[in-house]
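Protein chains in written order, with my numbering: chain A, 1 to 379; chain B, 1 to 380. Glycine is no exception: its CB is placed at the ideal position from the N, C-alpha and C atoms.
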Amino acid sequence: MKKTTRLITIIALLFIWQAGSVAQYSEDAVFPVKGLCINAPNRGGVDRFVKFIGDELAPREVNTLFILGDYNYQFESYPQLADSGALSKTDVKKIVAVCKKHNIRIIPQINLIGHQSWAGNLGNLLTHFPEFDETPHIEMPEKYVWPNDDFLYCKSYCPLHPDVHKVLFAVIDEICDVYEADAFHGGMDEIFYLGDDKCPRCKGIDKAELFAGEVRKVRDHLAQKNRELWIWGDRFIDGKTTGIGFWEGSYNYTWRAIDMVPKDVVICDWHYERPDQTPVYFAMKGFRVVTCPWRTPPAAVMQAEDMARWRKYATPEMKPKYYGMVLTTWMDNAGFIDGFYGNVSDRAKGAVHPRNAENTPWDTFKAMYKRIDELEKEK
Amino acid sequence: MNMKTRNIILSVILVLGMNLLSSAQESSEKLFQVRGFCIGAPKPTGVDRFVKFINEELAPRKVNTLVLLVGYNYQYKSYPQLQDSGALSKKDVKKIVAACKKNNIRIIPDINLLGHQSGGNKVNKLLQNFPEFDETPHIKMPEKYVWPNKDNLYAKSYCPLHPEVHKVIFAVVDELCDVFEADAFHSGMDEIFYLGDDKCPRCKGVDKAKLFADEVTLVRNHLKEKNRELWLWADRFLDGRSTGIGFWEASYNFTYRAIEMVPKDIVMCDWHYERPDQTPIYFAMNGFRVITCPWRTPSTAVIQTEDMARWVKYATPEMKPRYYGMMQTCWTSTEGFIDGFYGTVNDRNKRSVHPRNEAYTPWDTFRAMYKKMDELEGTH
């Protein structure tokens with residue numbers, strides 16, 4: 001009996017340790033979060049992605065994987081929302097298994113509020129629930145061009161529509177369940193359509209409050225199941241006065257929302273060309289912040305050095321806010337792997353920097369992780 | 001008028017114009033727009049030595065900004081009772097003004113507003129002469145001052161809502177700016193612990209951030225009428241608790257939200273002495289020009305200087321001019337600093353030597369920081 005008890009204790013401890021090790025990062029690490037943000041693969045690409053995780057992410061000790069899935073999953077709650085050829089549960093479980101094996105925390109993503117269309121195509125949510133459209137008066141163009149008269153980058157759903165959260169929370173819960181995730185990424189970047197003057201529910205409402213309200217609502221929903229909310233940081237930055245611009249900063253008055261959302265939301269602060277010092281702003285406001293480069297290796301290297309330096313000299317209170325680095329890819333999953341192995345295929349070449357062929361997401365990934373490794377060894 | 005005369009006149013106008021521009025407007029092309037030095041004003045007997053120090057040490061280092069902590073060390077005409085005994089005369093001041101003018105150094109005189117109305121167990125001239133301005137008259141000055149104490153008495157404050165206080169303050173502020181021929185004034189406003197006291201009949205219950213912001217704005221607006229800028233210490237704009245920066249160099253008394261309530265043209269002097277805090281980024285992102293102010297830790301000052309240069313280098317065009325430069329602080333008497341600078345540690349400067357490391361002094365920090373600034377300017 002004694003022996004059995006001890007065995008049970010050991011097994012129980014192992015379970016606790018396993019569960020803890022996925023969600024918890026080392027406070028003493030040079031970079032607690034070492035991440036990659038990539039699209040979910042197509043069904044045909046799952047095995048290759050699984051191999052890539054084992055062969056390339058694990059040796060670099062990547063511990064966090066944002067999987068940009070949106071509707072690339074065969075949802076049971078709302079089957080009509082699934083993309084054609086979406087991932088099955090079996091597909092997802094293959095990814096979950098390899099990540100579990102290598103202690104990689106998966107944070108699945110569905111774009112909330114914004115990014116409800118892409119170019120000339122409406123996304124699945126608004127296709128099936130056109131009543132959620134924030135700007136139904138703006139027609140999708142036959143041929144999409146940017147810039148355009150409607151300032152249409154992407155459609156948004158109306159965060160005040162009474163039925164929208166029933167649908168969203170169902171798919172969010174389902175995607176978190178299938179990925180066995182203790183955190184969810186809500187996207188929420190580059191939202192240009194918000195609080196539209198023609199929306200009967202939103203018009204006249206402070207856009208910072210509208211945005212903050214949606215962040216809080218999603219955060220609170222996730223918190224009920226002990227899940228964290230991660231989002232992109234751009235809507236919290238005053239793009240105009242900082243000169244950071246209307247993509248990676250906000251021109252639509254949402255930036256005051258930073259004082260209106262719970263401090264446990266994790267901010268993913270993306271800047272691709274300059275090593276902006278904005279993570280300090282987020283950290284000082286009380287948020288954990290990860291810096292997210294893309295395809296400019298020298299900028300990413302400096303951003304990693306900045307993050308290490310901030311942590312080194314921070315007060316004990318501030319240090320844990322400087323959470324780490326997440327490389328973003330913004331391209332097809334298989335294309336990234338092609339490029340990584342030296343094949344700039346049709347599906348990869350769109351991500352190469354137009355002014356410099358050496359600036360690619362895969363080269364940035366390699367350069368950033370090389371620098372991270374050096375900085376860890378210097379410690 | 002012949003062509004030659006006209007050309008000469010035009011050239012003179014151009015040169016004068018360029019000179020004017022170069023004195024008040026630091027070039028935004030430079031890595032460090034502000035190359036600053038902050039020190040107590042000397043006693044009358046120390047003026048000549050200080051002038052020599054300006055010529056021999058500040059000028060060669062291209063110091064272009066001198067924040068001079070004067071307080072009541074001037075023979076004010078508007079309120080003669082406010083002057084310290086043995087205060088500077090107009091003639092003394094003009095010697096300093098002349099030296100700075102010659103070396104293109106902008107003088108920014110300082111009188112502590114709001115806080116620092118006492119030091120140790122003595123109230124200063126303002127509250128001695130106008131005890132009715134005291135924010136906390138119920139707190140008696142101790143016979144022997146010790147810190148910490150049960151009253152949390154670091155320094156007394158005046159009540160910013162007293163109806164008479166600004167008449168007096170603005171008179172001395174104007175007079176000081178006039179005599180120093182200054183286009184900017186430094187109002188101190190650091191380490192204010194007594195603010196919005198529960199027993200003050202005017203302030204009790206008022207949001208402390210609002211009280212602080214209103215006083216800053218009032219002073220700023222007054223200066224603005226004569227085209228003068230307001231500079232001040234930045235600690236009350238930082239949340240000391242949640243950032244772990246503490247209650248000296250940041251605020252524990254809820255004033256930090258004032259950052260959203262004050263005009264963006266005030267200049268933030270952000271002082272951190274032991275850690276190279278990244279707080280200037282926060283001020284710059286909030287729209288303010290900001291100066292990093294080290295004291296007596298050379299290694300920290302060097303890192304802070306490198307930080308400032310890096311921020312300037314990689315900033316957007318909008319943010320670049322907000323990273324305004326560096327300013328050495330001394331927090332010792334003028335004479336004591338000059339003694340230390342030339343290698344003499346004596347009674348009047350030994351307290352500013354770091355208690356844990358005698359190599360850490362304001363004068364060594366001053367040398368190290370300016371050396372680093374020159375290196376960085378050289379590679380810029």
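Checklist entry - From E26 of chain B to P160 of chain B, what distance separates their C-alpha atoms? => result To locate residue 26 of chain B, count along the second sequence from 1; it is residue 26. To locate residue 160 of chain B, count along the second sequence from 1; it is residue 160. Interpretation of E26 of chain B is limited by its pLDDT of 47, a score under 50 that renders its predicted location unreliable; no figure is taken from the coordinates.
Checklist entry - Is the region 315-329 of chain A touching the region 283-295 of chain A in the sense that three or more CB pairs, one from each, lie closer than 8 angstroms? => result Taking a contact to require three or more Cβ pairs closer than 8 angstroms, the region 283-295 of chain A and the region 315-329 of chain A qualify as touching.
Checklist entry - How long is the line joining the alpha carbons of R235 of chain A and T136 of chain B, rounded to whole angstroms? => result Position 235 of the first sequence holds residue 235 of chain A. Position 136 of the second sequence holds residue 136 of chain B. Rounded to the nearest angstrom, the two C-alpha atoms are 44 angstroms apart.
Next on the checklist: Rounding to the nearest angstrom, what Cα-Cα distance links N103 of chain A and A97 of chain A in this structure?
Outcome noted: By 1-based counting over the first sequence, the position of residue 103 of chain A is 103. By 1-based counting over the first sequence, the position of residue 97 of chain A is 97. Whole-angstrom Cα-Cα distance: 10 angstroms.
Checklist entry - Between the C-alpha atoms of R289 of chain B and K377 of chain A, what's the straight-line distance to the nearest angstrom? => result The residue given as residue 289 of chain B occupies position 289 in the second sequence. The residue given as residue 377 of chain A occupies position 377 in the first sequence. For R289 of chain B and K377 of chain A, the distance between alpha carbons rounds to 37 angstroms.
Next on the checklist: Taking only three categories from DSSP, how would you classify A86 of chain A?
Outcome noted: Here the question's residue 86 of chain A lines up with position 86 in the first sequence. In this structure, A86 of chain A counts as coil in the three-state DSSP scheme.
Checklist entry - Is any beta-carbon of chain A found at less than 8 angstroms from that of G205 of chain B? => result For the purposes of this step, residue 205 of chain B is taken as residue 205 along the second sequence, with counting starting at 1. With its beta carbon at least 8 angstroms from every one in chain A, G205 of chain B lies outside the interface.
Checklist entry - So, is the C-beta of R274 of chain A closer than 8 angstroms to a C-beta in chain B? => result The residue given as residue 274 of chain A occupies position 274 in the first sequence. Chain B has a Cβ within less than 8 angstroms of the Cβ of R274 of chain A.
Item to check | C-beta atoms of H185 of chain A and K217 of chain A nearer than 8 angstroms | outcome: Counting from 1 along the first sequence, the entry for residue 185 of chain A is found at position 185. Counting from 1 along the first sequence, the entry for residue 217 of chain A is found at position 217. K217 of chain A sits away from H185 of chain A, with the two beta carbons spaced by 8 angstroms or more.
Next on the checklist: Just checking: is the beta-carbon of E318 of chain B within a distance shorter than 8 angstroms of some beta-carbon in chain A?
Outcome noted: To locate residue 318 of chain B, count along the second sequence from 1; it is residue 318. So, interface residue.
Item to check | Members of the region 241-256 of chain B near chain A, C-beta cut-off 7 angstroms | outcome: Per Cβ criterion, the list reads S242, T243, G244 and I245.
Next on the checklist: Rounded to the nearest angstrom, what separates G204 of chain A and F287 of chain A at their Cα positions?
Outcome noted: Along the first sequence, read from residue 1 onward, the residue named residue 204 of chain A stands at position 204. Along the first sequence, read from residue 1 onward, the residue named residue 287 of chain A stands at position 287. Straight-line Cα distance between these residues: approximately 29 angstroms.
Next on the checklist: Using 8 angstroms as the cut-off, can you tell me whether the region 294-307 of chain B makes contact with the region 354-370 of chain B, which would need three or more C-beta pairs spanning the two stretches below that distance?
Outcome noted: Contact holds: three or more Cβ-Cβ distances are below 8 angstroms.
Checklist entry - So with Cβ pairs under 8 angstroms, would you call Y281 of chain A a contact of chain B? => result For the purposes of this step, residue 281 of chain A is taken as residue 281 along the first sequence, with counting starting at 1. Taking Cβ atoms only, chain B reaches closer than 8 angstroms to Y281 of chain A, which makes this a yes.
Checklist entry - By a C-beta neighbour count over all protein chains shown, 10 Å radius and 16 as the cutoff for buried, is W230 of chain A buried or exposed? => result The count along the first sequence starts at 1 and reaches residue 230 of chain A at position 230. With 16 or more other Cβ atoms within 10 Å, it is buried.
Checklist entry - Mind listing which residues of the region 232-250 of chain A have their C-beta closer than 7 angstroms to chain B's C-betas, in chain order? => result Those residues of the region 232-250 of chain A that come within reach of chain B (Cβ to Cβ, closer than 7 angstroms) are T241, T242, G243 and I244.
Checklist entry - Nearest chain A C-beta to Q278 of chain B closer than 8 angstroms, yes or no? => result Walking along the second sequence from the start, residue 278 of chain B turns up at place 278. Taking Cβ atoms only, chain A reaches closer than 8 angstroms to Q278 of chain B, which makes this a yes.
Checklist entry - Quick one: is D338 of chain A buried, meaning 16 or more other Cβ sit within 10 Å of its Cβ, or exposed? => result Looking up residue 338 of chain A in the first sequence gives position 338. By the 10 Å Cβ count, D338 of chain A comes out buried.
Item to check | chain B contacts from the region 308-330 of chain A (Cβ-Cβ distance under 7 angstroms) | outcome: Taken in chain order, the members of the region 308-330 of chain A whose beta-carbon sits within less than 7 angstroms of a beta-carbon on chain B are W310, Y313, T315, P316, E317 and M318.
Item to check | Beta-ladder partner(s) of R35 of chain B, from DSSP | outcome: Here residue 35 of chain B is taken as the residue at index 35 of the second sequence, counted from 1. By DSSP's assignment, R35 of chain B forms a beta bridge with B:M326.
Next on the checklist: So that I know if they touch, is there some Cβ in chain A lying closer than 8 angstroms to that of Y273 of chain B?
Outcome noted: Counting from one through the second sequence, the residue named residue 273 of chain B turns up at place 273. Not an interface residue.
Item to check | Those residues which DSSP pairs with I106 of chain A across a bridge | outcome: Taking the first sequence and counting its residues from 1, one reaches residue 106 of chain A at position 106. As computed with DSSP, I106 of chain A is found in a beta bridge with A:L65.
Checklist entry - Can you name the residues that DSSP bridges to R289 of chain B? => result The residue you call residue 289 of chain B lines up with position 289 of the second sequence. DSSP output for R289 of chain B lists B:V267 as bridge partner(s).
Checklist entry - Can we say the region 141-155 of chain A touches the region 119-133 of chain A, given the rule of at least three CB pairs closer than 8 angstroms? => result Yes, they touch.
Checklist entry - When Cβ atoms are compared, which residues of the region 64-87 of chain B fall closer than 7 angstroms to chain A? => result If you check each beta-carbon in the region 64-87 of chain B against every beta-carbon of chain A, none falls closer than 7 angstroms.
Checklist entry - Skipping 5 residues on each side, what residues in its chain have a beta carbon closer than 7 angstroms to that of T365 of chain B? => result Indexing the second sequence from 1 puts residue 365 of chain B at position 365. Once the five neighbours on either side are set aside, the close Cβ partners of T365 of chain B are P294, W295, R296, T297, P298, A301 and Q328.
Checklist entry - Hey, which unbroken runs of the alpha helix (DSSP H) at 4 residues or more fall wholly within the region 119-157 of chain B? => result Listed in chain order, they are 125-129.
Checklist entry - Does any CB atom of chain B fall closer than 8 angstroms to the CB of Q303 of chain A? => result As a first step, residue 303 of chain A must be located in the first sequence, where it is residue number 303. So, not an interface residue.
Item to check | Closer than 9 angstroms at the beta carbon, the chain B residues around M260 of chain A | outcome: Here residue 260 of chain A corresponds to residue number 260 of the first sequence, with the count starting at 1. Residues of chain B passing the Cβ test: none, with the nearest at roughly 13 angstroms.
Checklist entry - Quick one: is I291 of chain B near chain A, going by C-beta distance under 8 angstroms? => result Residue mapping note: residue 291 of chain B aligns to position 291 of the second sequence, counting from 1. Chain A, which has no Cβ nearer than 8 angstroms to the Cβ of I291 of chain B, makes this no.
Item to check | Cβ pair count under 8 angstroms reaching 3, the region 173-190 of chain B against the region 230-238 of chain B | outcome: Yes: the two stretches touch, three or more of their Cβ pairs being nearer than 8 angstroms.
Checklist entry - Out of curiosity, what's the CA-to-CA distance linking I258 of chain A and N252 of chain A? => result On the first sequence, residue 258 of chain A is found 258 positions in, with the first residue counted as 1. On the first sequence, residue 252 of chain A is found 252 positions in, with the first residue counted as 1. Straight through space, the alpha carbons of N252 of chain A and I258 of chain A are spaced by roughly 14 angstroms.
Checklist entry - Using a Cβ-Cβ cut-off of 7 angstroms (strictly less than) and excluding sequence neighbours within five positions of F151 of chain A, which residues of its own chain qualify? => result As a first step, residue 151 of chain A is located in the first sequence; it is residue number 151 there, counting from the start. Spatial neighbours of F151 of chain A in its own chain (CB-CB distance under 7 angstroms, excluding positions within 5 residues in sequence) are listed in chain order as F192.
Checklist entry - For V67 of chain B versus I108 of chain B, is the C-beta distance shorter than 8 angstroms? => result By 1-based counting over the second sequence, the position of residue 67 of chain B is 67. By 1-based counting over the second sequence, the position of residue 108 of chain B is 108. A contact, by the Cβ cut-off of 8 angstroms.
Checklist entry - Where T75 of chain B and Q83 of chain B are concerned, what is the direct C-alpha to C-alpha distance, given to the nearest angstrom? => result Along the second sequence, read from residue 1 onward, the residue named residue 75 of chain B stands at position 75. Along the second sequence, read from residue 1 onward, the residue named residue 83 of chain B stands at position 83. The displayed chain sequence assigns Gln, not Thr, to residue 75 of chain B. Within the model, the alpha-carbon separation for Q75 of chain B versus Q83 of chain B is close to 5 angstroms.
Checklist entry - For S84 of chain A, is the classification buried or exposed, using 16 other Cβ atoms within 10 angstroms of its Cβ as the cut-off for buried? => result Numbered from 1 along the first sequence, position 84 holds the residue referred to as residue 84 of chain A. Within a 10 Å sphere around the beta-carbon of S84 of chain A sit fewer than 16 other beta-carbons, which makes this residue exposed.
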